[in-house]
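Going by this note's numbering, the first residue of the sequence shown is number 2, and it counts up by one from there.
The beta-carbon is built from N, C-alpha and C at its ideal position, and this holds for glycine as well.
Fair warning: this is a prediction, and the values are worked out from it, not measured in the lab.
Only one structure is covered here, and it is reproduced in the block below.
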Amino acid sequence: MRVTTSAPGKLMLLGEHAVVYGHPCLVTAIDRRVWVTVKRATDGLVHLSAPALGVGDWSVPMARVCTADSPRGVRFLRAVVCCMARCHGLADGLRIETRSSLSDELGLGSSAAVTIAAVTALSEFMALELPSDILFALGLKAVQSIQGVGSGFDLAASLYGGTLQFRPLREATRNLRRCRPDITPLATDHLPLIVGYSGTKADTASLVRHVARRRERQPALTGEIFNSMARLVEEGRGALEAQDWERLGQAMSLNQSLLDALGVSTPKLAQLVSVAEEAGAYGAKLSGAGGGDCMVALASDERRDEVRRAIEGAGGRVIPLQTAATGVRREDIQWTCILKSADPSAPAVR
Ligand code: PMV
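As structure tokens, this is what we get:
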């Protein structure tokens, strides 16, 4: 018996940081995925492998999976196995392998994707038939055990796919059933986005802590910034549903100014945003925690090439991708076939 699942990465469209404090954000799933396969291991150990992250085979007895020090490349997998073992019990002897078309360098949600793919694969492998909100809660517990912070917006995108409005419930409780976020799927399948990588990897947890310190020092001002971001999310949601790209672009650029005010933009991100706007984008902003990773610009078909060239001319790397991708799904029926035929970006299967 083996079970394979895959889950997509994400792009934050509007509302990052404010979402950590209970405000809504907009996020879209992207067509870059992580695949996870679970099967039995005959030696009774838990084997984890992530070849793309330099981990061929790391193994540990199930009884030590929650306490052992694992290599960085399999820490989210280990956290998932630990959570699943604690909440549902896992028999000894598991082999969990990952493949990815989503580089962990770019900040496009590879940790959330591997977490959701692994939680879902284990749930299927053990025939638990866990509902989506429990899969989400287990994923959130696993991620928070590693990062200490996180709203879970990226897990929601990996789980449900499409484009979503996401608002976390602040109560991170021991009762998984009460940890249900507010998720609204938005009816749009195409977003004319251009994604530019700034060349630097961001550290999400330290940026979240930076904003937390600012909020402690200036609670009223920071609260106003978060409220304004929430209004932009509302505005952006209306624009997105009406496919009013000009209005959505304006909301994105205003959101960038607010992120700059929070101190999470960088000179490189600001430069990529401003050259995209000068080249005629409707709007542009950093995407995610800031401090590096990617920016996104929204542009008409006529302006697309110009915006792309402007981003590249300023030293950004344009990452081709599609938005509103399918959420987590089971893949193990003729897995090799599906990988080869359905997704040209899928990794080779050995
Ligand atoms: O850096 P990313 O792409 O993981 O995005 C982080 C977004 C934050 O709002 C800053 C944190 C969170 O978990 O919502």
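### Query
What distance in whole Å lies between the Cβ atoms of R330 and T29, which are believed to be in contact at a cut-off of 8 angstroms?
Sequence index remark: in the sequence shown, residue 29 carries index 28 (1-based). Sequence index remark: in the sequence shown, residue 330 carries index 329 (1-based). Not a contact, Cβ separation roughly 17 angstroms.
### Message
Please report the distance separating the alpha-carbon of A315 from that of V75.
### Response
By one-based count along the sequence shown, residue 315 stands at place 314. By one-based count along the sequence shown, residue 75 stands at place 74. Roughly 35 angstroms between the two C-alpha positions.
### Task
Write down every uninterrupted run of the alpha helix (DSSP H) in the segment 122 to 161 whose length is 4 residues or greater and which is fully enclosed by it, in chain order.
133 to 148, 154 to 161
### Query
Do the segment 196 to 209 and the segment 288 to 295 meet, that is, are 3 or more Cβ pairs less than 8 angstroms apart?
yes
### Query
Any heavy atom of ligand 1 closer than 7 angstroms to the Cβ of A86?
Numbered from 1 along the sequence shown, position 85 holds the residue referred to as residue 86. No, the Cβ of A86 stays beyond 7 angstroms of every heavy atom of ligand 1.
### Query
Going by the CB atoms, is the gap between H211 and V150 shorter than 8 angstroms?
Mapped onto the sequence shown, residue 150 falls at position 149. Mapped onto the sequence shown, residue 211 falls at position 210. No, Cβ-Cβ distance for V150 and H211 is not below 8 angstroms.
### Query
Quick one, which of T121, I31, T99, L27 has its alpha-carbon nearest D58's?
Here residue 58 refers to the residue found at position 57 when the sequence shown is read from its first residue. Nearest C-alpha to D58: T99.
#### Entry: Check whether V47 and V35 have beta carbons under 8 angstroms apart
Position 46 of the sequence shown holds residue 47. Position 34 of the sequence shown holds residue 35. No. Outside cutoff.
### Task
Decide if D333 is buried, meaning its Cβ has at least 16 other Cβ atoms within 10 Å, or exposed.
The residue you call residue 333 lines up with position 332 of the sequence shown. When all chains shown are included, D333 counts as buried.
### Three-way DSSP call (helix, strand, coil) for A42 in this model
Taking the first residue of the sequence shown as position 1, residue 42 is located at position 41. Coil.
### Query
Which same chain residues, not among the five before or five after T164, have their C-beta less than 6 angstroms away from its C-beta?
Working through the sequence shown from its first residue, we reach residue 164 at position 163. Closer than 6 angstroms at Cβ, skipping near neighbours: T29, L187, T189, A325.
### Message
Going by DSSP, what residue range makes up the beta strand (DSSP E) through K269?
### Response
Here residue 269 refers to the residue found at position 268 of the sequence shown. Element bounds for K269: not the beta strand (DSSP E) but the alpha helix (DSSP H), 268 to 279.
### Query
Does the beta-carbon distance from L27 to V196 come in below 8 angstroms?
Within the sequence shown, residue 27 is the residue found at index 26, counting from 1. Within the sequence shown, residue 196 is the residue found at index 195, counting from 1. Not in contact: L27 and V196 (Cβ atoms no closer than 8 angstroms).
#### Entry: Per-residue burial, A118 [other beta carbons within 10 Å of its own, 16 or more giving buried]
For this step, residue 118 is matched to residue 117 along the sequence shown. Its Cβ being crowded by 16 or more others within 10 Å, A118 is buried.
### Message
In this structure, how does DSSP classify V329 when only helix, strand and coil are distinguished?
### Response
The residue labelled residue 329 in the question sits at position 328 within the sequence shown. Coil at V329, not helix or strand.
### Task
On a CA-only basis, which of Y198, P72, D134, A282 is nearest A158? Give me that one, please.
The residue you call residue 158 lines up with position 157 of the sequence shown. The residue with the shortest Cα to Cα distance from A158 is D134.
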